[in-house]
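Step one of this worksheet: look at the structure below.
In our numbering, the protein residues as written are 720 to 850.
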């Protein structure tokens with residue numbers, strides 16, 4: 720399984736939380752039309768440059784929104800994102816359903832590696848010190 724598949728098809732919130740933990744950058748999720756309960760769709764962070772960062776790299780917010788069906792997004796707190804570990808919003812059922820990591824607990828370990836790589840690459844590209 721590729722990291723891109725793992726973190727765009729179910730466990731994106733785990734990676735977003737890990738990047739947030741390293742950087743403090745705000746976590747965002749896309750929302751389905753007419754729903755304000757969330758998180759519901761893909762999770763990512765917004766960098767200090769105002770761009771979106773996820774497993775696929777850095778993107779302008781307009782192009783990233785287009786990639787994800789022009790869904791609106793909003794910031795989510797750590798508590799809201801942590802709740803996603805235990806429930807996922809089911810759009811068709813219009814309610815939260817019990818859940819856990821889609822691809823198992825290895826996603827937490829893999830997120831540590833991937834988040835470090837993404838953050839270090841972002842910092843290099845933007846002239847920031849890399850730890």
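Don't be surprised by glycine CBs; every beta carbon is placed ideally from N, CA and C.
Handout entry: Contacts around residue 790, its chain only, beta-carbon distance under 8 Å, and the 5 residues preceding and following it disregarded
Key = Taking the chain shown and counting its residues from 1, the one referred to as residue 790 is at position 71. Closer than 8 Å at the Cβ level, and outside the excluded window around residue 790, lie 749, 750, 751, 752, 760 and 784.
Practice task
Please state whether DSSP places residue 770 in a helix, a strand or coil.
Solution key: Taking the chain shown and counting its residues from 1, the one referred to as residue 770 is at position 51. The answer is strand: DSSP assigns residue 770 an E or B state.
Exercise for the section: Answer with buried or exposed for residue 732, where buried requires no fewer than 16 other C-beta atoms within 10 angstroms of its C-beta. Expected result: As a first step, residue 732 is located in the chain shown; it is residue number 13 there, counting from the start. Buried: at least 16 other Cβ atoms inside 10 Å.
Practice task
Report the option in 743, 846 and 833 whose CA atom is closest to the CA atom of residue 773.
Solution key: For the purposes of this step, residue 773 is taken as residue 54 along the chain shown, with counting starting at 1. Ranking the options by Cα distance to residue 773, first place goes to 833.
Handout entry: Simplified DSSP assignment, three categories, for residue 723
Key = Walking along the chain shown from the start, residue 723 turns up at place 4. In this structure, residue 723 counts as helix in the three-state DSSP scheme.
Problem - residue 794, DSSP secondary structure in three states - result: Residue 794 sits at position 75 when you count from the first residue of the chain shown. Note: residue 794 maps to strand in three-state DSSP.
Practice task
Starting from residue 731, follow the alpha helix (DSSP H) in both directions and report where the run begins and ends.
Solution key: On the chain shown, residue 731 is found 12 positions in, with the first residue counted as 1. First-last of the alpha helix (DSSP H) with residue 731: 731-742.
Practice task
In the DSSP assignment, find the unbroken beta strand (DSSP E) run with residue 777 in it and report its ends.
Solution key: Reading the chain shown from its first residue, position 58 is the one you call residue 777. 776-779 is the extent of the beta strand (DSSP E) around residue 777.
Practice task
Assign residue 747 to one of two classes, buried (16 or more other C-beta atoms within 10 Å of its C-beta) or exposed (fewer than that).
Solution key: Start at 1 with the first residue of the chain shown, and residue 747 comes out as number 28. So residue 747 counts as buried.
Exercise for the section: Can you say whether residue 768 is buried or exposed, counting buried as having 16 or more other CB atoms within 10 angstroms of its CB? Expected result: Here residue 768 is taken as the residue at index 49 of the chain shown, counted from 1. That one is exposed.
Practice task
Take the Cβ of residue 720 as the centre, count every other Cβ of all protein chains shown within 10 Å, and call the residue buried at 16 or more, exposed below.
Solution key: Residue 720 sits at position 1 when you count from the first residue of the chain shown. Residue 720 is exposed by the Cβ-count criterion.
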